[in-house]
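Visitor: Residue numbers (the numbering used here): 27 to 451. The structure under discussion is supplied below as structure tokens; questions concerning it will follow.
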């Protein structure tokens, strides 16, 4: 109760502000040190979170633990086969990979015409309109690895389409605009792909950052693609997603080794199968982001501690300068607890004010960064923020440090004997 009385006592605050006014320049410089520490922490943490959010946005439409694997050419002779042989991925490889690698969640074999073969795609005709577009042969599992946003009223390829080899397709936004009238509903309509009629069952929304896919792509069932282009059991590449807790680098190596055994390729041949591991890249990005957050924490706390120590020094000087005043107070009956509480309160007050100003300044800077990057699409950065729990935690740390550092000058003030203080000057 006595402590609360001191906190809400008008005379206490008059003395605190009087002390601050006597040491304006030193107090401001010291407060700026604490302010700068919390500002660095807020700004760097927010910036790291913005980068984190940006990459999550880029990866939101694809499984984070995903990878792509394709066949290239051998670089080592093996089992009678010469160097330069080009193994071909087969549809049968999918089940063998699943059986051998439990960490794999989904495997989607894919074929494409117009992206890797240099053909420029297939000609698609509707009435008097035509154009060349990339054609993909896909399984429904593909959407479990890379999300496809389909406009209302449509759908993606399903297992029934695969089983019955249906001549159905999902077209892109650009394909719809170029082949259909402005207000015409393409769902249920027909287009000719290489002189074969296909019914449109959906229109997919184009998403930035979708790799080599574009807004004009056309997706058809894998089995229909196989029949249309006579690809047999060949597969251009495999899109693979591992479980969230799996080691994606280890899974990638296991997939390659499994394919080497299937296709009789030397285990040491590093060129026979190519791959691109999104999971590994995402892991590195997240590691960098966490490192930035940790760095901001270390730098911020170090700067805050330096500033708080400065506040302690200012108060020590203040106590020395107020020796006579404190001695008179003691002589008039002020208890050691009251003197100690006043000095600690001054330390906490300065630390708290510096912290709040640093947080406000940091929030203002992050708001400016957010405004400058809100429409940014060519760089993965969005919504730089700091969780409120982090901010409150930083304030609690600062107040705690302010209390602890205030104990030093407070104890110095308490140790002053009234008779010695009155002899000063």
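Just so you know, even glycine gets a beta-carbon here, dropped at the ideal spot from N, CA and C.
#1: When the Cα atoms are used, what is the spatial distance from residue 215 to residue 226?
#2: For residue 167, which residues of its own chain have a beta-carbon under 6 Å away from its beta-carbon, when the five flanking residues on both sides are left out?
#3: Excluding the 5 residues preceding and the 5 following residue 383 in the sequence, name in chain order all residues of the same chain whose CB lies nearer than 6 Å to its CB.
#4: In three-state terms, what does DSSP make of residue 99?
#5: Can the beta-carbon of residue 93 be found closer than 7 Å to that of residue 303?
#6: Whole angstroms is fine: what's the gap from residue 66's alpha carbon to residue 435's?
#7: Straight-line CA distance for residue 173 to residue 240?
#8: How long is the line joining the alpha carbons of residue 416 and residue 390, rounded to whole angstroms?
#9: Count the CB pairs spanning the segment 175-185 and the segment 262-271 that are closer than 8 Å, and state whether there are at least three.
#10: When burial is assigned at 16 or more other CB atoms within 10 Å of the CB, is residue 398 buried or exposed?
#11: In the structure shown, what three-state DSSP assignment does residue 235 receive?
#12: Residue 159 and residue 138 - do their beta-carbons sit closer together than 7 Å?
#13: CB residue 242 to CB residue 200, shorter than 7 Å?
#14: Which residue marks the beginning of the alpha helix (DSSP H) containing residue 120, and which one marks its end?
#15: Does the Cβ-Cβ distance between residue 365 and residue 428 come in under 7 Å?
#16: Please tell me whether residue 114 and residue 99 are closer than 7 Å, where the distance is taken between their beta carbons.
#17: I'd like to know whether the C-beta atoms of residue 77 and residue 315 end up nearer to each other than 7 Å.
#18: How many whole angstroms separate the CB atoms of residue 59 and residue 411, which I take to be in contact at a CB cut-off of 8 Å?
#19: Nearest-angstrom Cα distance between residue 169 and residue 184?
#20: Output yes or no for whether 7 Å exceeds the beta carbon distance between residue 101 and residue 295.
#21: With residue 374 and residue 419 assumed to form a contact (beta carbons below 8 Å), what rounded beta-carbon distance in angstroms separates them?
#22: Of all the alpha helix (DSSP H) runs that stay within the bounds of the segment 364-396, which reach a length of 4 or more residues?
#23: From the DSSP output, read off the bridge partner residues of residue 277.
#24: Quick check on the DSSP output: the beta strand (DSSP E) that includes residue 224 runs from which residue to which?
#25: Using the Cα positions of residue 236 and residue 305, report the straight-line distance between them to the nearest angstrom.
#26: In the DSSP assignment, find the beta strand (DSSP E) that holds residue 218 and state where it starts and stops.
#27: Tell me residue 301's beta-bridge partners as DSSP assigns them.
#28: Using DSSP with H/G/I as helix, E/B as strand and the rest coil, what is residue 325?
#29: Could you please give me the residues that DSSP links to residue 115 through a beta bridge?
Guide: Quick answer:
#1: Within the chain shown, residue 215 is the residue found at index 189, counting from 1. Within the chain shown, residue 226 is the residue found at index 200, counting from 1. The straight-line gap from Cα to Cα measures roughly 6 Å.
#2: Along the chain shown, one-based indexing puts residue 167 at 141. So the list reads 132 and 134, once near-sequence residues are dropped.
#3: The residue labelled residue 383 in the question sits at position 357 within the chain shown. Here the set comprises 61.
#4: The residue given as residue 99 occupies position 73 in the chain shown. Here residue 99 sits in coil by DSSP.
#5: Here residue 93 is taken as the residue at index 67 of the chain shown, counted from 1. Here residue 303 is taken as the residue at index 277 of the chain shown, counted from 1. Yes. Within cutoff.
#6: The residue labelled residue 66 in the question sits at position 40 within the chain shown. The residue labelled residue 435 in the question sits at position 409 within the chain shown. Their backbone Cα atoms lie some 28 Å apart in a straight line.
#7: Here the question's residue 173 lines up with position 147 in the chain shown. Here the question's residue 240 lines up with position 214 in the chain shown. If I take the Cα positions, the gap works out to 14 Å.
#8: The residue you call residue 416 lines up with position 390 of the chain shown. The residue you call residue 390 lines up with position 364 of the chain shown. Going by the C-alpha atoms only, they are around 17 Å apart.
#9: no
#10: By 1-based counting over the chain shown, the position of residue 398 is 372. Per the 10 Å Cβ criterion, exposed.
#11: As a position in the chain shown, residue 235 is number 209, starting the count at 1. Per-residue confidence for residue 235 stands at a pLDDT of 47, beneath the threshold of 50, marking its modelled position as unreliable; the derived number appears in the next sentence. Here residue 235 sits in coil by DSSP.
#12: Position 112 of the chain shown holds residue 138. Position 133 of the chain shown holds residue 159. It is not a contact, given that the beta carbons lie outside the stated cut-off.
#13: Translated into positions along the chain shown, residue 242 becomes position 216. Translated into positions along the chain shown, residue 200 becomes position 174. Going by C-beta atoms, residue 242 is nearer than 7 Å to residue 200.
#14: Here residue 120 refers to the residue found at position 94 of the chain shown. From DSSP, the alpha helix (DSSP H) with residue 120 extends over 118-126.
#15: Here residue 365 refers to the residue found at position 339 of the chain shown. Here residue 428 refers to the residue found at position 402 of the chain shown. No, they are not a contact pair.
#16: The count along the chain shown starts at 1 and reaches residue 114 at position 88. The count along the chain shown starts at 1 and reaches residue 99 at position 73. No, the pair does not count as a contact, with Cβ atoms beyond the cut-off.
#17: As a position in the chain shown, residue 77 is number 51, starting the count at 1. As a position in the chain shown, residue 315 is number 289, starting the count at 1. Cβ atoms of residue 77 and residue 315: closer than 7 Å.
#18: As a working note, residue 59 is residue 33 in the chain shown. As a working note, residue 411 is residue 385 in the chain shown. Wrong, their Cβ atoms sit about 25 Å apart, outside the cutoff.
#19: By 1-based counting over the chain shown, the position of residue 169 is 143. By 1-based counting over the chain shown, the position of residue 184 is 158. Straight-line Cα distance between these residues: approximately 10 Å.
#20: Start at 1 with the first residue of the chain shown, and residue 101 comes out as number 75. Start at 1 with the first residue of the chain shown, and residue 295 comes out as number 269. Yes; because the gap between Cβ atoms is below 7 Å, this pair is in contact.
#21: Taking the chain shown and counting its residues from 1, one reaches residue 374 at position 348. Taking the chain shown and counting its residues from 1, one reaches residue 419 at position 393. Contact flag wrong, Cβ pair sits at about 17 Å.
#22: none
#23: Against the chain shown, residue 277 aligns to sequence position 251. In the DSSP output, where bridge partners are listed per residue, residue 277 has none listed.
#24: Counted from its first residue, the chain shown places residue 224 at position 198. First-last of the beta strand (DSSP E) with residue 224: 222-230.
#25: Counting from one through the chain shown, the residue named residue 236 turns up at place 210. Counting from one through the chain shown, the residue named residue 305 turns up at place 279. Here residue 236 scores only 48 on pLDDT, less than 50, and its place in the model should not be relied on; the value that follows carries that caveat. Between residue 236 and residue 305, the C-alpha separation is close to 15 Å.
#26: Sequence index remark: in the chain shown, residue 218 carries index 192 (1-based). Taken as a continuous stretch (DSSP letters only), the beta strand (DSSP E) holding residue 218 covers 216-219.
#27: As a position in the chain shown, residue 301 is number 275, starting the count at 1. Residue 301 pairs with 95.
#28: Along the chain shown, one-based indexing puts residue 325 at 299. Residue state, collapsed to three classes: helix.
#29: Stepping through the chain shown from its first residue, residue 115 is reached at position 89. DSSP lists 261 as partners of residue 115.
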